[in-house]
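Student:
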Amino acid sequence: MSNVEFIKPTSLQDACEALMKPDYLAIAGGSDLIVKMRNGMYPNLKGLVDISGLPPLNTIRTDENAVIIGSGCTMNQIAKDQLIKDYFPALAKAASTVGALQIRNSATIGGNVANASPAGDTIPALFTLVADIMIIGCNGRRQIPIVEFFLSPGKTKLAPGEIIEGFKLLLRKTRGEFLKLGERRAHAISKINMAVSTWNDGKNHYRIAMGSVAPTVLRCREAEEYLESSEQLDDNTIARAAEIVSETAKPISDLRSTKAYRKQMAGVLLKRALQNLR
Amino acid sequence: MQENLIKISFSLNGNAVETEVSPELTVLEMLRRNFRLTAAKEGCGKGECGACTVMLNEQPINSCIKLAATLNKADSLVSVEGLNEDKLMKNIQDAYVEEGAVQCGFCIPGMTITSHYLLKNNPNPDAHAIKQALSGNICRCTGYRKIEAAVKKAADRSSKS
């Protein structure tokens, strides 16, 4: 018997107000939330606020020199979008590897980020694209760089009554790669995942981030700086960068993988990614 | 305590329908309980096996992790039963039978509806495309080869006719 209240707000403002109440949760695709509900993770749940029908959240649009990806965009929507594929290939690739076809039609990018799993596949990609998280709440809007958004597994800086409205990315052509390792090649939660984005504005820039190797996604600054200061991307440079990320990784052993394997694979994935980008 | 019931309306297998659901009822549970459409099945209940696959707005989804209350008037839901008269689906189902692709049968409605989506969008898929399309559908009898052969056969036959 359920006595959960179900609210279908007609505006973002109404949604935020409904989410001010304790034990009310936002639902969009539901692919993470429903599983958690069924696993009994929300015994005190009082209400669900359905934000899936709020149109401003479901589009990808450009705004002057930025691209704004609505938080309600599904993984397939992002993976198939021509602008995302052309400008932010690391993100398009990450979105195309989440779950399987059926999940990618439901799961949203906002949910993937708000859920704050250390293994969330779009998070490292958004790190490398220097995304800002656009947040709306009862008292207005604010933006947080994604690197500052996560506190611990499942915990973010979102306050009660706040919703992720979208992600703001600078409209700048990047080249990128996203690689992950799971128990099988398709439809698996990452044992480790890695995103690399690079662009040139007269100077080569690199951004590297990896997931499932720490309580939150890690940006690999040391390896980025090493690559930016290297004259060319030869085998020795790639090998050294791989060693650096392997040292940056701070994984644990859990039911999906071991500490030693993850540490070693951090280097292997970066090597593969850089070879593909050469 | 009185249970909250939410009135929803949407299109089901081509017909406008209305029903009442509790907030936590999934689309899968609604199909099976409210409409007695039992082709879609609950395997894992968490979006991992694909036995509950149905089409929502022409895209396959896991109906076990979609809340019925989130359906809107503009949404079009199609289950295997809605494709009973569909030529391509008939072809796919025949090919599954001919190839012996059906063992215990529990995964088959999900397999055939995902195969239908694949062949509708890619009439001549190669082996990789077939595997990729069906990667969200698990067969616990592990009879994948015959399933893949059946999809290939259905594709070959559709392109000839």
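If you read the sequences in order, they're chains A and B. Taking this note's numbering, the leading residue of the first sequence gets 1, the next gets one more, and so forth. Taking this note's numbering, the leading residue of the second sequence gets 1001, the next gets one more, and so forth. Beta carbons are placed, not taken as given, at the ideal position from N, Cα and C, and that holds for glycine. Small disclaimer: the values here were computed from a predicted structure and weren't measured.
Out of curiosity, what's the CA-to-CA distance linking Tyr24 of chain A and Pro43 of chain A?
Tutor: One C-alpha to the other measures close to 12 Å.
Student: Taking contact to mean 3 or more Cβ pairs, one atom from each stretch, closer than 8 Å, check whether the segment 222-236 of chain A and the segment 166-178 of chain A are in contact.
Tutor: Result no; under three Cβ-Cβ pairs closer than 8 Å.
Student: For Ala195 of chain A, which three-state DSSP category applies?
Tutor: Note: Ala195 of chain A maps to strand in three-state DSSP.
Student: With contact counted as at least three CB pairs below 8 Å, one residue from each stretch, are the segment 83-99 of chain A and the segment 136-149 of chain A in contact?
Tutor: Too few Cβ pairs lie closer than 8 Å, so no.
Student: Roughly how many angstroms lie between the CA atoms of Ile1006 of chain B and Lys1046 of chain B, to the nearest whole one?
Tutor: Spanning the two alpha carbons is a distance of roughly 23 Å.
Student: Quick one: using the 10 Å Cβ neighbour count with 16 as the cut-off for buried, is Ala1069 of chain B buried or exposed?
Tutor: That one is buried.
Student: Can you name the residues of chain B whose CB is closer than 9 Å to the CB of Met37 of chain A?
Tutor: Ordered by position in chain B, the residues that pass the 9 Å Cβ test against Met37 of chain A are Glu1024.
Student: Short check: CB of Cys1049 of chain B to CB of Ser1063 of chain B, under 7 Å?
Tutor: No; because the gap between Cβ atoms is not below 7 Å, this pair is not in contact.
Student: Along chain B, in chain order, which residues have C-beta atoms closer than 9 Å to that of Asn44 of chain A?
Tutor: None at all; the shortest Cβ gap to chain B is about 14 Å.
Student: If you follow the alpha helix (DSSP H) that Gln143 of chain A is part of, which residue opens it and which one closes it?
Tutor: Run containing Gln143 of chain A: none in the alpha helix (DSSP H); it sits in the beta strand (DSSP E), 140-145.
Student: Smallest Cα separation from Thr1026 of chain B: which of A:Ile144, A:Met37, A:Phe127, A:Ala239?
Tutor: If we check each option's Cα against that of Thr1026 of chain B, A:Met37 comes out closest.
Student: For Met1030 of chain B, which residues does DSSP report across the bridge?
Tutor: Bridge partners of Met1030 of chain B: none, in fact.
Student: According to the neighbour-count rule (16 or more other Cβ atoms, all chains shown, within 10 Å of its Cβ), is Ile1092 of chain B buried or exposed?
Tutor: It counts as buried.
Student: Listed in chain order, which residues of the segment 83-116 of chain A have Cβ atoms closer than 8 Å to some Cβ of chain B?
Tutor: Under the 8 Å Cβ criterion, the segment 83-116 of chain A contributes Gly99, Ala100, Leu101, Gln102, Ile103, Asn105, Ser106.
Student: Interface residues of chain B around Phe6 of chain A at Cβ under 7 Å?
Tutor: The answer, in chain order, is Asn1004, Ile1006, Pro1023, Ala1069.
Student: Can you check whether the C-beta of Ala186 of chain A is within less than 7 Å of a C-beta belonging to chain B?
Tutor: Judged by the 7 Å Cβ criterion, Ala186 of chain A is in contact with chain B.
Student: Tell me which residues of the segment 1088-1111 of chain B have at least one Cβ-Cβ distance to chain A shorter than 9 Å, keeping chain order.
Tutor: For the segment 1088-1111 of chain B, which is checked against every Cβ of chain A, the residues closer than 9 Å are Gly1110.
Student: List the residues of chain A that Gly1143 of chain B touches, going by C-beta distances under 9 Å, in chain order.
Tutor: Chain A residues near Gly1143 of chain B: none, gap ~17 Å exceeds 9 Å.
Student: Okay, do the segment 70-86 of chain A and the segment 1028-1035 of chain B touch, 3+ Cβ pairs below 8 Å being the bar?
Tutor: Because the criterion of three Cβ pairs below 8 Å is not met, the segment 70-86 of chain A and the segment 1028-1035 of chain B do not touch.
Student: Considering only their Cβ atoms, is the gap separating Asp32 of chain A from Gly111 of chain A smaller than 7 Å?
Tutor: In this structure, Asp32 of chain A lies closer than 7 Å to Gly111 of chain A by Cβ.
Student: Check whether the segment 211-228 of chain A and the segment 1008-1019 of chain B touch, using three or more Cβ-Cβ pairs below 8 Å as the test.
Tutor: No, because fewer than three Cβ pairs between the segment 211-228 of chain A and the segment 1008-1019 of chain B fall closer than 8 Å, the two stretches do not touch.
Student: Which residues in chain A sit within 9 Å of Ser1135 of chain B, going by Cβ to Cβ distance?
Tutor: Within chain A, the residues near Ser1135 of chain B are Ala100, Leu101, Arg184, Arg185, Ala186, His187.
Student: Which residues of the segment 1031-1055 of chain B have a Cβ closer than 8 Å to any Cβ of chain D? Give them in chain order.
Tutor: No chain D is part of this structure, whose protein chains are labelled A and B.
Student: Are any of the Cβ atoms in chain B nearer than 7 Å to that of Gly53 of chain A?
Tutor: Closer than 7 Å to some Cβ of chain B, the Cβ of Gly53 of chain A qualifies, so yes.
Student: Residue range of the beta strand (DSSP E) that Ser152 of chain A falls in?
Tutor: Element bounds for Ser152 of chain A: 150-152.
Student: Between A:Lys259, A:Leu227, A:Ile252, A:Ser257, which has its C-alpha nearest Ile244 of chain A's C-alpha?
Tutor: Nearest C-alpha to Ile244 of chain A: A:Leu227.
Student: I want to verify the contact list: residues of chain A whose CB lies under 7 Å from the CB of Ile1061 of chain B, in sequence order.
Tutor: Residues of chain A passing the Cβ test: Gln102, Asn105, Ser106.
Student: Let me know the secondary structure DSSP gives Phe1106 of chain B once reduced to three states.
Tutor: Here Phe1106 of chain B sits in coil by DSSP.
Student: Who pairs with Met210 of chain A in a beta bridge, going by DSSP?
Tutor: Beta-bridge pairing links Met210 of chain A to A:Met194, A:Leu218.
Student: Near Asn1158 of chain B, what residues of its chain come up, given a Cβ to Cβ distance below 7 Å and the 5 sequence neighbours on each side ignored?
Tutor: The question names Asn, but residue 1158 of chain B is Ser in the sequence shown. For Ser1158 of chain B, where only same-chain residues beyond five positions count, the Cβ hits under 7 Å are Leu1088, Asn1091, Leu1119, Pro1123.
Student: For the 8 Å Cβ check, are there 3 or more pairs between the segment 100-108 of chain A and the segment 1126-1137 of chain B?
Tutor: Contact holds: three or more Cβ-Cβ distances are below 8 Å.
Student: Threshold first: 3 residues or longer. Then list the beta strand (DSSP E) segments lying entirely within the segment 15-59 of chain A, N to C.
Tutor: Qualifying beta strand (DSSP E) stretches, in chain order: 24-27, 47-50.
Student: Using a Cβ-Cβ cutoff of less than 6 Å, which residues in the same chain neighbour Gly1043 of chain B once the five nearest sequence positions on both sides are dropped?
Tutor: Result list for Gly1043 of chain B: Cys1049, Ala1051, in chain order.
Student: Can we say the segment 183-199 of chain A touches the segment 255-268 of chain A, given the rule of at least three CB pairs closer than 8 Å?
Tutor: Output reads yes: the segment 255-268 of chain A touches the segment 183-199 of chain A.
Student: If we ignore side chains and look at the alpha-carbon of each, how far apart do Ala209 of chain A and Ala159 of chain A end up?
Tutor: Taking the straight line from one Cα to the other gives about 25 Å.
Student: Out of curiosity, what's the CA-to-CA distance linking Met1 of chain A and Glu1003 of chain B?
Tutor: Low per-residue confidence applies at Met1 of chain A: pLDDT is 46, beneath 50, and the placement is therefore not dependable, though the value from the model is reported in the following sentence. Using only the alpha carbons, I get a separation of about 7 Å.
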